[in-house]
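Visitor: Numbers given in my numbering equal positions in the sequence shown, counted from 1, plus 42.
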Amino acid sequence: MNKKTKKLNKLNNELDKQIAKENQEDFTNMICYLRGANISEYDQELVRQDLTEMLLSAQNRGESIHSVFGEDFKAFCDDVIASLPEKTRKQKLAESFNIACWGLSILGFIGIVTAKETIFLIRDFFLGKELHFHIAVSFGMVLRMGITFAAAVIIVEAIIKNSFKKTNTKNRGIMGALAGGGMMAIFLLSAWFGKGTLFTVNIFIALAVVLIVYAAHKLLEQV
43 MNKKTKKLNK LNNELDKQIA KENQEDFTNM ICYLRGANIS EYDQELVRQD LTEMLLSAQN
103 RGESIHSVFG EDFKAFCDDV IASLPEKTRK QKLAESFNIA CWGLSILGFI GIVTAKETIF
163 LIRDFFLGKE LHFHIAVSFG MVLRMGITFA AAVIIVEAII KNSFKKTNTK NRGIMGALAG
223 GGMMAIFLLS AWFGKGTLFT VNIFIALAVV LIVYAAHKLL EQV
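Here it is as structure tokens:
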């Protein structure tokens, strides 16, 4: 998200605080749906600003959210989205690489911090023992990072696509339990069968790579 978009996003966040409690769920669903649209982040924020101001005006007149956006919120959003230019190929590529760099930098940092070699390094430092600065990267570690990243992307996409669908609490609980159980089973299997070391790397080099990937994420945000 570039500076211009961030500035507008901050303004919209302040406007959101004025939305009445009874309108928050429906309006949040509309904005969530817009996030999945094939339009730029800046256009998303422009639309969000317009919709928020329309809703706030209606609230001041004592009118309901349906008086502004109708009964079919999805159809209203689709009409708005259709009137805006789609993302360019450059924007799509930049967005994809940005998400990948952000996810890999976060997961890479977590992997380094939680590695047993890092824990032993900290322990040895305080005990005054000889320090070893290499960490082992196993197949299981790589697999878990890949699964976590893929799962996060799938969950976000599912939330966006199902913004207007009503799911009762019981079904949500069952789906959550199944998803959690499936992830746990995959993690346990990867930990059991993925113990073999793929390669070892100096912890400072690993951290440098993570920082470079994160820097790439920050640069791609400006595109």
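Heads up, the beta-carbon is just placed ideally off N, CA and C, and yes, glycines get one too.
1. Indicate the three-state DSSP secondary structure (helix, strand or coil) for A62 in the structure shown.
2. Identify, in the order they occur along the chain, each residue of the same chain with its Cβ nearer than 6 Å to the Cβ of T17, setting aside the five sequence neighbours on each side.
3. Could you tell me whether the Cβ atoms of E128 and N80 are closer together than 8 Å?
4. Let me make sure I understand the geometry here. Which of M43, S82, Q101 has the alpha-carbon closest to that of Q60?
5. May I ask you to report which of helix, strand or coil DSSP gives T211?
6. Using 10 angstroms around the beta-carbon of M183, count the other beta-carbons present and answer buried if the total reaches 16, otherwise exposed.
7. Out of N204, D85, G150, state which residue places its alpha-carbon closest to the alpha-carbon of V255.
8. For V243 versus H174, is the C-beta distance shorter than 8 Å?
9. Does DSSP put A79 in a helix, in a strand, or in coil?
10. By Cβ distance below 7 Å, which residues in the same chain neighbour M187 in space, the five residues on each side in sequence not counted?
11. Within the chosen definition, does the segment 110–127 reach the segment 160–168 through at least 3 CB pairs nearer than 8 Å?
12. Apart from the five residues just before and just after L146, which ones in its own chain have a Cβ nearer than 6 Å to its Cβ?
13. Grab the span of the alpha helix (DSSP H) containing F151 for me, first residue to last.
14. Helix, strand or coil for L126, going by three-state DSSP, please let me know.
15. Below 8 Å on the Cβ atoms is my guess for N55 versus F115; work out the distance and round it to an integer in Å.
16. Which runs of the beta strand (DSSP E), 3 residues or longer, sit entirely within the segment 163–187?
17. In angstroms, rounded to a whole number, what distance separates the CA positions of I73 and R131?
18. On the DSSP bridge list, what partners appear for F241?
19. At what residues does the alpha helix (DSSP H) containing S109 begin and finish?
Guide: Per the coordinate set shown:
1. coil
2. As shown, the chain starts at 43 and ends at 265. That puts residue 17 outside it, with no answer to give.
3. yes
4. Q101
5. Confidence at T211 is low in this model, with a pLDDT of 45, below 50, so its placement is unreliable and the value that follows should be read with caution. Here T211 sits in helix by DSSP.
6. buried
7. G150
8. no
9. coil
10. L149, G153
11. no
12. V255
13. 131–156
14. coil
15. Their Cβ separation, rounded to whole angstroms, is 21 Å, which puts N55 and F115 out of contact at 8 Å.
16. 176–180
17. 23 Å
18. V179
19. 108–111
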